[in-house]
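Residue numbers (this note's numbering), protein chains in the order written: chain E, 821 to 979; chain R, 98 to 430.
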């Protein structure tokens, strides 16, 4: 959530922002990236193991094993969210836990739990997609645009 | 009585005859835990929502303060309170239970001193005999309203702050034993264009500086007058900025006599980023820790400068910057 740098700030405000910035602790970006890489990678490795497990022991093929794999990851993420563990893990791992499907599950489960006090319909139901909603919206829009491009290229005789 | 531009001097010296601080489980682990009257070991406090838990915190703080003053609810003329919830529901709902004539105030985290300043003014002018000023905040309720769900695993930057789960209340009256409020400076809104809600220390620091400077000018005082000048919830970032600006403007501040409530309530092992925040921060530290130290004789004159960030969850999404405010009240033995 980067603050938008407005051009209508006065010189005094601009000076202060620089003054304050010099005194703020910086986000440890490199450290965060390394942690995110390792944790995100490990979650994906775990997913890969699950997929192989489903193929080897439960007679799924490479295509169909995807669904139960994602389901298991989601269940684990939701349980950890409910137990109040996932947010601490998320603070440490950052994007590593936010980007994989586990982060998506956490954003929905946490909102659902949080708004249970406002009832199942207006609370849980209405707020579950509070954070995840924009992911779905822009995911669908992006997929649509990409599909249009693909079809157009095919139509004009491309690959 | 108005003195200077924006300060009130209370010639009748209203007395804080009693005070109470109530906290939650995270506060119980902090270094000031002994200064709390009641500490809850659960964030829910036996209620079915965080909002109700906050209301209960506030009610308990008021009840305890009134009891400690050997008074009954009926003896209290006015209840002045503020909190962070939309439409200040914690205060209003607590007022419903207390059934004391009520004035709701909102100055975000500066509500604690806004309420104390107004309470002192009512007593000083003879408009009331007993007034209860109070303020509260609840970590999970504030997170829910201003940021993300409590269990959401988003990463917070090091400039973020931890909202205190707690409520503080006091009983102010014309005469009696205890520390008295001698003057107050009402701050003006200062906005230096900071718009990151995870960096409220930087947003509020200029307001704190403005109020402190104005207080010294109005009352013709310097830092030397006070044993302690303590800001509300600037955290390590805002506190450093405020100190640096004051120094650069030629206001000499001895380091040991300039502090921040947000830096006292938790210790470094608790993951609180740059410090504590919330109405409950300055309220519990002032009405618990600081008044206790005054009664023990460790402090004689203090100036509490409660700072508030006047943003709403909608205003920052609409890219508005965060206006800051600070109100100061001088408490002397």
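Glycine included, every Cβ here is placed at the ideal spot set by N, Cα and C.
(Q) Among R:361, R:320, R:114 and R:377, whose alpha-carbon lies nearest the alpha-carbon of residue 354 (chain R)? (A) Taking the second chain and counting its residues from 1, one reaches residue 354 (chain R) at position 257. It is R:320 whose Cα lies nearest to the Cα of residue 354 (chain R).
Q: State yes or no: is the beta carbon of residue 334 (chain R) nearer than 8 Å to at least one beta carbon in chain E?
A: Against the second chain, residue 334 (chain R) aligns to sequence position 237. Yes, residue 334 (chain R) lies at the interface with chain E (some Cβ there is under 8 Å from its Cβ).
Q. Are residue 855 (chain E) and residue 914 (chain E) close, meaning C-beta to C-beta below 8 Å?
A. For the purposes of this step, residue 855 (chain E) is taken as the residue at position 35 of the first chain. For the purposes of this step, residue 914 (chain E) is taken as the residue at position 94 of the first chain. Yes.
Q) Can a CB atom of chain R be found closer than 8 Å to the CB of residue 894 (chain E)? A) As a working mapping, residue 894 (chain E) is identified with position 74 in the first chain. False, the Cβ-Cβ gap to chain R never drops below 8 Å.
(Q) Please return the same chain residues whose Cβ sits closer than 6 Å to the Cβ of residue 109 (chain R), not counting the five positions on each side in sequence. (A) Reading the second chain from its first residue, position 12 is the one you call residue 109 (chain R). So the qualifying residues of the chain are 221.
Q) Does the segment 236-255 of chain R come within contact of the segment 199-215 of chain R, defined as at least 3 CB pairs closer than 8 Å? A) no
Q: Quickly, what does DSSP pair residue 327 (chain R) with across the bridge? List them, please.
A: By 1-based counting over the second chain, the position of residue 327 (chain R) is 230. Its beta-bridge partners are R:356 and R:401.
Q. Run through DSSP, which three-state label would residue 958 (chain E) get?
A. Residue numbering aside, residue 958 (chain E) sits at position 138 when the first chain is read from its first letter. Correct three-state label for residue 958 (chain E): helix.
**Q.** Between the CA atoms of residue 383 (chain R) and residue 910 (chain E) - distance to the nearest angstrom
**A.** Sequence index remark: in the first chain, residue 910 (chain E) carries index 90 (1-based). Sequence index remark: in the second chain, residue 383 (chain R) carries index 286 (1-based). Approximately 34 Å, taken between the alpha carbons.
Q. If you draw a straight line from the C-alpha of residue 97 (chain R) to the C-alpha of residue 894 (chain E), how long is it?
A. Because chain R spans 98 through 430 in this model, residue 97 (chain R) falls outside it and cannot be assessed.
Q) Of the choices R:420, R:187 and R:148, whose alpha-carbon is the least far from that of residue 938 (chain E)? A) The residue given as residue 938 (chain E) occupies position 118 in the first chain. Answer by Cα proximity: R:148.
Q. So, using beta-carbon positions, are residue 261 (chain R) and residue 234 (chain R) closer together than 8 Å?
A. Position 164 of the second chain, counted from the first residue, corresponds to residue 261 (chain R). Position 137 of the second chain, counted from the first residue, corresponds to residue 234 (chain R). Result yes, Cβ atoms of residue 261 (chain R) and residue 234 (chain R) sit closer than 8 Å.
(Q) Below 8 Å, how does it come out for the segment 273-293 of chain R and the segment 182-198 of chain R: are there three or more Cβ pairs, yes or no? (A) no
(Q) So if DSSP puts residue 872 (chain E) in a beta bridge, which residue, or which two residues, is it bridged to? (A) In the first chain, counting from the first residue as 1, residue 872 (chain E) sits at position 52. None, per the DSSP bridge assignment.
Q) Which of the residues in the segment 242-260 of chain R, read from start to end, lie with their CB under 8 Å from any CB of chain E? A) 245, 246, 247, 248, 249, 250, 251, 252, 253, 254, 255 and 256
Q) Residues in its own chain within less than 7 Å of residue 514 (chain R) by CB, not counting five upstream and five downstream? A) With chain R covering 98 to 430 only, the question about residue 514 (chain R) has no answer from this structure.
Q: Please confirm if residue 109 (chain R) has its CB atom under 8 Å from at least one CB of chain E.
A: Your numbering for residue 109 (chain R) matches position 12 in the second chain. No - not a single Cβ of chain E is within 8 Å of the one on residue 109 (chain R).
Q: Check residue 251 (chain R) in the structure and name its three-state DSSP category.
A: Indexing the second chain from 1 puts residue 251 (chain R) at position 154. In the structure shown, residue 251 (chain R) sits in coil (DSSP, three-state: anything other than H, G, I, E or B).
Q.
Please report the straight-line C-alpha distance between residue 932 (chain E) and residue 375 (chain R), rounded to a whole angstrom.
A. Your numbering for residue 932 (chain E) matches position 112 in the first chain. Your numbering for residue 375 (chain R) matches position 278 in the second chain. C-alpha separation (whole angstroms): 25 Å.
Q: Under 7 Å Cβ to Cβ from residue 253 (chain R), same chain only, skipping five residues before and after it: list those, please.
A: In the second chain, residue 253 (chain R) corresponds to position 156, counting from 1. Hits under 7 Å: 295 and 370.
Q.
For the beta strand (DSSP E) containing residue 175 (chain R), name the first residue and the last one.
A. As a position in the second chain, residue 175 (chain R) is number 78, starting the count at 1. First-last of the beta strand (DSSP E) with residue 175 (chain R): 175-180.
Q. Span of the alpha helix (DSSP H) holding residue 912 (chain E)?
A. Reading the first chain from its first residue, position 92 is the one you call residue 912 (chain E). Looking at the DSSP string, the run of the alpha helix (DSSP H) that includes residue 912 (chain E) is 906-913.
Q. Quick one: is residue 906 (chain E) near chain R, going by C-beta distance under 8 Å?
A. Taking the first chain and counting its residues from 1, the one referred to as residue 906 (chain E) is at position 86. For residue 906 (chain E), the answer is yes, since a Cβ of chain R falls inside 8 Å of its Cβ.
Q) Who are residue 204 (chain R)'s beta bridge partners in DSSP? A) As a working note, residue 204 (chain R) is residue 107 in the second chain. DSSP lists R:206 as partners of residue 204 (chain R).
(Q) Per DSSP, what are the beta-bridge partners of residue 429 (chain R) in this structure? (A) On the second chain, position 332 is the one that residue 429 (chain R) refers to. Beta-bridge pairing links residue 429 (chain R) to R:277 and R:398.
Q: Under 7 Å between beta-carbons, which chain R residues line up against residue 833 (chain E)? List them in chain order, please.
A: Stepping through the first chain from its first residue, residue 833 (chain E) is reached at position 13. The contacting residues are 289 and 290.
Q. Since residue 309 (chain R) is in the alpha helix (DSSP H), which residue starts that stretch and which ends it?
A. Within the second chain, residue 309 (chain R) is the residue found at index 212, counting from 1. 297-316 is the span of the alpha helix (DSSP H), which, as asked, contains residue 309 (chain R).
Q | Exposure label - residue 229 (chain R); buried when at least 16 CB within 10 Å | A | What you label residue 229 (chain R) is simply residue 132 of the second chain in a count that begins at 1. The residue is buried, with at least 16 neighbouring Cβ atoms inside 10 Å.
Q: Please name the residue or residues paired with residue 260 (chain R) in a DSSP beta bridge.
A: As a position in the second chain, residue 260 (chain R) is number 163, starting the count at 1. Residue 260 (chain R) pairs with R:374.
Q.
When you compare the CB positions of residue 207 (chain R) and residue 427 (chain R), do they come within less than 8 Å of one another, or not?
A. As a first step, residue 207 (chain R) is located in the second chain; it is residue number 110 there, counting from the start. As a first step, residue 427 (chain R) is located in the second chain; it is residue number 330 there, counting from the start. No; because the gap between Cβ atoms is not below 8 Å, this pair is not in contact.
(Q) Measuring alpha carbon to alpha carbon, tell me which residue in E:955, E:934 and E:957 is nearest residue 946 (chain E). (A) The residue labelled residue 946 (chain E) in the question sits at position 126 within the first chain. Out of E:955, E:934 and E:957, E:934 has the C-alpha closest to the C-alpha of residue 946 (chain E).
Q: Report the residue from R:224, R:378, R:214 and R:129 whose alpha carbon sits nearest the alpha carbon of residue 282 (chain R).
A: Here residue 282 (chain R) corresponds to residue number 185 of the second chain, with the count starting at 1. Taking only the C-alpha atoms, the option nearest residue 282 (chain R) is R:214.
Q: Identify the contact partners of residue 886 (chain E) in chain R, using a Cβ-Cβ distance below 9 Å as the criterion.
A: Indexing the first chain from 1 puts residue 886 (chain E) at position 66. Those within 9 Å of residue 886 (chain E) in chain R number zero; the least Cβ separation is about 23 Å.
Q.
Can you tell me where the alpha helix (DSSP H) holding residue 840 (chain E) begins and where it ends?
A. For this step, residue 840 (chain E) is matched to residue 20 along the first chain. Segment 831-841, the alpha helix (DSSP H) holding residue 840 (chain E).
Q | Range of the contiguous alpha helix (DSSP H) that encloses residue 933 (chain E) | A | As a working note, residue 933 (chain E) is residue 113 in the first chain. Run containing residue 933 (chain E): 921-934, per the alpha helix (DSSP H) assignment.
Q) Along the chain, where does the alpha helix (DSSP H) that runs through residue 238 (chain R) open and close? A) Locating residue 238 (chain R) in the second chain gives position 141, counting from the first residue. That run of the alpha helix (DSSP H) goes 236-243.
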